[in-house]
Each structure stands twice: as structure tokens, then as C-alpha cells.
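K.L.:
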Amino acid sequence: MQSIIDLYHSVTDVEHIVSAFGLVGIALVLFAETGLLIGFFLPGDSLLFVAGLFTGGDDPVFPVWKLLLVAVIFAVLGDQLGYQIGRWTGPSILRSRAARIIGEERIDKAHEFFRSRGPHAVILARFVPVIRTIVPVLAGISGMERRRFIPYNIIGGVAWACLIPVAGHFLGGIDVIRQHVDLIIVGLVALSVIPLALEWWRGRRGRHGNRGNHEIHSTSHSLPAVADGPVPPPAA
Numbered sequence: 001m002q003s004i005i006d007l008y009h010s011v012t013d014v015e016h017i018v019s020a021f022g023l024v025g026i027a028l029v030l031f032a033e034t035g036l037l038i039g040f041f042l043p044g045d046s047l048l049f050v051a052g053l054f055t056g057g058d059d060p061v062f063p064v065w066k067l068l069l070v071a072v073i074f075a076v077l078g079d080q081l082g083y084q085i086g087r088w089t090g091p092s093i094l095r096s097r098a099a100r101i102i103g104e105e106r107i108d109k110a111h112e113f114f115r116s117r118g119p120h121a122v123i124l125a126r127f128v129p130v131i132r133t134i135v136p137v138l139a140g141i142s143g144m145e146r147r148r149f150i151p152y153n154i155i156g157g158v159a160w161a162c163l164i165p166v167a168g169h170f171l172g173g174i175d176v177i178r179q180h181v182d183l184i185i186v187g188l189v190a191l192s193v194i195p196l197a198l199e200w201w202r203g204r205r206g207r208h209g210n211r212g213n214h215e216i217h218s219t220s221h222s223l224p225a226v227a228d229g230p231v232p233p234p235a236a
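Following UniProt numbering, the numbering of the sequence shown begins with 1 at its first residue and continues without gaps.
#1: Under the three-state reduction of DSSP, which class applies to Gly143: helix, strand or coil?
#2: Quick one, are the C-beta atoms of Gly172 and Phe62 less than 8 Å apart?
#3: If you check the beta carbons only, do Pro165 and Leu68 fall under 8 Å apart?
#4: In whole angstroms, what is the alpha-carbon distance linking residue 245 and Val176?
#5: Sort Gly143, Leu48, Phe21 and Leu28 by Cα distance to Ile85 and report the nearest one.
#6: Do the region 106-115 and the region 153-162 touch if we need at least three Cβ pairs shorter than 8 Å?
#7: If distances are taken between C-alpha atoms only, which option among Gly22, Pro43 and His16 comes closest to Ile131?
#8: Assuming Val122 and Gly82 make a contact with CB atoms under 8 Å, what is their CB distance in whole Å?
#9: Going by DSSP, what residue range makes up the alpha helix (DSSP H) through Arg106?
#10: For Ala31, name the three-state secondary structure that DSSP assigns.
#11: Work out the CA separation of Ser19 and Leu50 for me, nearest whole Å.
#12: Mapping DSSP to helix, strand and coil, what is Val24?
#13: Under the three-state reduction of DSSP, which class applies to Ser96: helix, strand or coil?
#14: Leaving out the 5 sequence neighbours to the left and right, which residues in its chain are closer than 7 Å to Val70 when beta-carbon positions are compared?
#15: Can you tell me which of Arg147, Pro119, Val158 and Val64 puts its alpha carbon nearest to the alpha carbon of Phe170?
#16: With distances taken from CA atoms, which of Ile93, Val76, Asp58 and Val135 is nearest Val29?
#17: I'd like to know whether the C-beta atoms of Ile93 and Val137 end up nearer to each other than 8 Å.
#18: Exposed or buried, Glu215, counting other C-beta atoms within 10 Å across all chains shown (16 or more means buried)?
#19: So, helix, strand or coil for Phe40, using DSSP?
#20: I'd like the span of the alpha helix (DSSP H) that includes Gly82, first residue to last.
#21: What is the C-beta distance between Ile174 and Ala98, in whole angstroms, given that I count them as a contact (C-beta under 8 Å)?
#22: Indicate the three-state DSSP secondary structure (helix, strand or coil) for Ile174 in the structure shown.
#23: Closer than 7 Å by C-beta to Phe127: which residues in its own chain qualify, once you throw out the five before and the five after it? Chain order, please.
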């Protein structure tokens, strides 16, 4: 169990990923988050921002153009894999173990997001954690044509994989920002965790509420019916 916890911390610690694995680590995380349902928990947004921070200042870890190139390529490839998984497996993937880990509520939200926005959801979902992992799969399941999906995938991948790191790059050139990178990372992680925690809490409340209603409903059916009027005396 401890080894699983350690692995989780190592793949969600964005500063560790950037400093220890560099562009290779960034590429793998982005590909897994966008291409594999089980990668929904990976910190794509915060990783891109922090990686951008590391390209700023007088001593960058790697050039910003290399970061953007790697991020765009693997973000696009990841979404394309998710789309192909949806095409290959069909709706059965939504009954898989990975889908159960994500949770029915999140999948329903992603389905509504995709249904209401159509192909534009492929672009917009990039900026919504968890949703961006599910939408490409839904696009494949829905039968969206590959030649139609690819342009939206590329536009969304370029926008997401460039805007966030570039913001980090320019902020990384500010001394005050670089001196408080740890605080920024904590803040980004908190912002990404809070929505997931709220969803978990709401889901837990919903389950308890449904269970309570079910118990009340069952109890009411198990009670004998009582006729109106006075209760007759017991037979002698």
C-alpha cells in the first residue's frame, strides 16, 4: 500500500517531474492524462505551468520552444489515443474498471459537456481537468469522423499546451515569482484538488441520501396498513 502511495506522490509532484525527468516526464504525463482513462488524476495544468516557470529567468532548465513542441505533440497524440480507444471499444469502455474509478458522476458530466457543445467540446475540454480525459473517448464512441476530430484535437492541443506554459514562462522571469515557486505549486495543486474533493463529498452525500430514502421506502412497505377509524379491541 505504501508503495502505491509513494508512486502516486511521485507522478503528481510537478516540481519533481520537471526537475527529475525533464521533458521526458512531461511528455509521459501529458500523454497518459489525455490518452488513458486511468490518467485522469494526473496534474496536466499545473505541470505545464510549472514547466513554463522553469523555462524563464536567467538559468532555464530547458528552452521554452522545446517545452512547447513536446507538450503539443504529446497532448495531441494523447487525445488521439483516447479517441481511438472510444472507436475500438465502443460504450463498453464506460463499464470498465478505469471508468468506475473515475466515477459515474464525472462521466455523466463529460457526456453532457460533449452533447451540449458538439465538436467544439474537444477544444474546450482541454481546459477542464478530468473532462479532458473523457471527452476524446466519448467522441470516438459517438462515431465522430476521424477527419473531423483531428483538426479540433490539434487546435485544442496547441491552445492548451502553449497558453499555460507561456504564462508560466513570462511569470518565471519575475524574481518574486521565482522566489515563491513552492507556494505557487502548492496553490496550483490545491486548486486542482479542491474540485475533485468537492465532487467526492457531494457524491458521498448523494449516496447516503439515496440509501436513506431507500431504507425509508423499504420500511414503509414492510409496515402493515392501518385502516382509518378506531382500532377494534382484541378478540377475546
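By construction, the Cβ of each residue, glycine as well, lies at the ideal position given by its N, Cα and C atoms.
In this text, all values refer to a predicted model and were calculated from it rather than measured experimentally.
P.N.:
Well, looking at it:
#1: Here Gly143 carries a coil assignment [DSSP, helix/strand/coil].
#2: Against a cut-off of 8 Å, the Cβ pair of Phe62 and Gly172 comes out as no contact.
#3: In this structure, Pro165 sits near Leu68, with a CB-CB distance shorter than 8 Å.
#4: The structure shown has nothing for residue 245, since the chain only spans 1 to 236.
#5: Just measuring C-alpha positions, the residue of Gly143, Leu48, Phe21 and Leu28 sitting nearest Ile85 is Gly143.
#6: Cβ pair count under 8 Å is below three, so no.
#7: Considering only alpha carbons, the answer is Pro43.
#8: Their Cβ separation, rounded to whole angstroms, is 10 Å, which puts Val122 and Gly82 out of contact at 8 Å.
#9: Segment Glu104 to Arg117, the alpha helix (DSSP H) holding Arg106.
#10: The amino acid occupying residue 31 in the given sequence is Phe; Ala does not appear at that position. The three-state reading of DSSP puts Phe31 in helix, counting H, G and I together.
#11: Reading off the sequence, residue 50 comes out as Val, not Leu. As the crow flies, the alpha-carbon of Val50 is around 10 Å from that of Ser19.
#12: Helix at Val24.
#13: DSSP places Ser96 outside both helix and strand once states are collapsed to three, so it counts as coil.
#14: Counting only Cβ-Cβ distances below 7 Å, and skipping sequence neighbours, we find Leu23, Ile26 and Ala27.
#15: Of Arg147, Pro119, Val158 and Val64, the residue nearest in Cα terms is Val64.
#16: When each option's Cα is compared against that of Val29, the closest is Val76.
#17: Contact flag set, yes.
#18: The predicted model places Glu215 with a pLDDT of 44, which falls under 50 and marks its position as unreliable, so this point remains unresolved.
#19: Residue state, collapsed to three classes: helix.
#20: Val64 to Thr89 is the span of the alpha helix (DSSP H), which, as asked, contains Gly82.
#21: The Cβ separation is near 40 Å, so there is no contact.
#22: DSSP places Ile174 outside both helix and strand once states are collapsed to three, so it counts as coil.
#23: Closer than 7 Å at the Cβ level, and outside the excluded window around Phe127, lie Trp160.
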